[in-house]
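Counting in numbering that gives the first Met the number 0, the sequence shown runs from 0 upward without gaps.
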Amino acid sequence: MSGIEFKKLCVLDNPMETDLYCAALRESDIPHRARRTEDGAVTVEVAAEWFEQAEKVLKEAEETFFGTSAARSAPSDVPQAGDARWGEVDDGGWLGRGLLSDRRREVPRRPEPRKVWPARVLALLPGVGLGHLYAGQFQMFIYLVFASLLGVLFYAYTKNPASFGFNLFAWVVDLVFAPYHVKEHNRRAMRMAARNASLAGSDAGQDLERHEE
Numbered sequence: 000m001s002g003i004e005f006k007k008l009c010v011l012d013n014p015m016e017t018d019l020y021c022a023a024l025r026e027s028d029i030p031h032r033a034r035r036t037e038d039g040a041v042t043v044e045v046a047a048e049w050f051e052q053a054e055k056v057l058k059e060a061e062e063t064f065f066g067t068s069a070a071r072s073a074p075s076d077v078p079q080a081g082d083a084r085w086g087e088v089d090d091g092g093w094l095g096r097g098l099l100s101d102r103r104r105e106v107p108r109r110p111e112p113r114k115v116w117p118a119r120v121l122a123l124l125p126g127v128g129l130g131h132l133y134a135g136q137f138q139m140f141i142y143l144v145f146a147s148l149l150g151v152l153f154y155a156y157t158k159n160p161a162s163f164g165f166n167l168f169a170w171v172v173d174l175v176f177a178p179y180h181v182k183e184h185n186r187r188a189m190r191m192a193a194r195n196a197s198l199a200g201s202d203a204g205q206d207l208e209r210h211e212e
């Protein structure tokens, strides 16, 4: 793979983001490498001829796992020649198990990130609260189901269509807050992964220092 020209794709601050996006690039068979910057961030570079496809893959990964853009776009500059292999970090580490991970130490990552779009789809079902159930908010799911049942019971007793206001309320709450809870879940997962990665990062940092010496 010698002589490949690389272009900067993005700059990432979080180890979990690095793992997710580099995994997405590997799954798409896009040649890439990662460089650690002076401020501790990671610059992801891809082969120049794959740049447009890599941008699409990155965007899809952002929307799937976070619902928003989490990466800082890197300024494009003159393509750089490199000898890095596919998925290889230029400091000697491999991205197979994460940039800051070490093959000698498996770092548990719990909770796992969830996709946002299923919460939006499930919340479209009126008054059922399935969006919150998917988001892991079981107690809120029970409340929403109870509110919907209450609306049905009131209507059966009073025959007043206004009773379905309970159902409408439960539906709106599910539509608005279910995706939010999933995103919060993903943020907690990212913070936990960052703490776990700091354990493995000490070993990776020592390897990098030895390489720089």
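For glycine and all other residues, C-beta sits at the position ideal for the given N, C-alpha and C. All values reported here derive from a predicted model rather than from experimental measurement.
Cβ neighbours of His184 within its own chain (closer than 7 Å, five residues either side excluded): Pro110, Arg113, Ala134 and Gly135. Ile29 sits buried, since 16 or more C-beta atoms from the chains shown fall within 10 Å of its C-beta. Exclusion of the five residues before and after Ser147 leaves Gly126, Asn166 and Ala169 as the residues of its chain whose Cβ lies within less than 6 Å of its Cβ. It is roughly 53 Å from the alpha-carbon of Ala53 to the alpha-carbon of Leu152. For the 8 Å CB-CB criterion, Gly164 and Gly150 form a contact. Ala47 and Ser27 have their alpha carbons spaced roughly 15 Å apart. In this structure, the beta-carbon distance from Arg32 to Phe5 falls below 8 Å. Judged by beta-carbon spacing, Val115 lies within the 8 Å limit of Pro178, meaning their Cβ atoms are closer than that value. Distances from the CA of Thr36 to each of Asn13, Lys182, Lys55 and Arg25 were compared; the closest alpha carbon is that of Asn13.
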